[in-house]
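Colleague:
Numbering (my numbering), first residue to last: 109 to 266.
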């Protein structure tokens, strides 16, 4: 996990800088800066509207007594998209806008659900786990004839 994060924090800025230089060569420096600012503003508005919609859907599903798994995943994608869109750069904006697209989110959710199903089914077939290796000793039932004594101290303040 450390290697992944290290590469993420090193490679993403390098790619972003290279893309910004390439775009600045084509459309100019000020236009590139304006593009980054406009995508951040537009993305923030989209995140706000889709985030509020996802929150309302979660509340509706919970009020009906249903588990809002799809809506929670949508909310997570919207939060990640907001972070990516507010990060200056072109590649992060592209990934942020992709996460705001419902079709992409549905495909991503389906892929993650199939991976989770496979991992759960293979994990159950591997044998004993830490959860079922321990035997839980049943506590001995208390005898009803024994009185319960609580020892303590008190101080009266009048």
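Just so it is clear, CB atoms sit at the ideal spot from N, CA and C, and this is done for glycine as well.
Quick one: Cα of residue 208 to Cα of residue 160, how far?
Modeller: Those two C-alpha atoms are separated by around 13 Å.
Colleague: If distances are taken between C-alpha atoms only, which option among 163, 174, 125, 123 comes closest to residue 186?
Modeller: Cα-wise, what sits closest to residue 186 is 163.
Colleague: By DSSP, does residue 213 sit in helix, in strand, or in coil?
Modeller: The answer is helix: DSSP assigns residue 213 an H, G or I state.
Colleague: Given a cut-off of 7 Å on the beta-carbon distance, is the pair residue 196 and residue 144 in contact?
Modeller: Yes, the Cβ-Cβ distance between residue 196 and residue 144 is below 7 Å.
Colleague: Is residue 208 helix, strand or coil by DSSP?
Modeller: Coil at residue 208, not helix or strand.
Colleague: Would you tell me roughly how many angstroms separate the C-alpha atoms of residue 178 and residue 114, rounded to the nearest one?
Modeller: Their Cα atoms are separated by approximately 31 Å.
Colleague: Just to confirm my understanding: we take residue 169, look at its own chain, exclude 5 residues before and 5 after, and list those with CB closer than 8 Å. What are they?
Modeller: 175, 176, 179.
Colleague: Classify residue 173 as helix, strand or coil using the three-state DSSP reduction.
Modeller: In this structure, residue 173 counts as coil in the three-state DSSP scheme.
Colleague: Give the straight-line distance between the Cα atoms of residue 219 and residue 149, rounded to the nearest whole angstrom.
Modeller: Cα to Cα, the separation comes out at about 30 Å.
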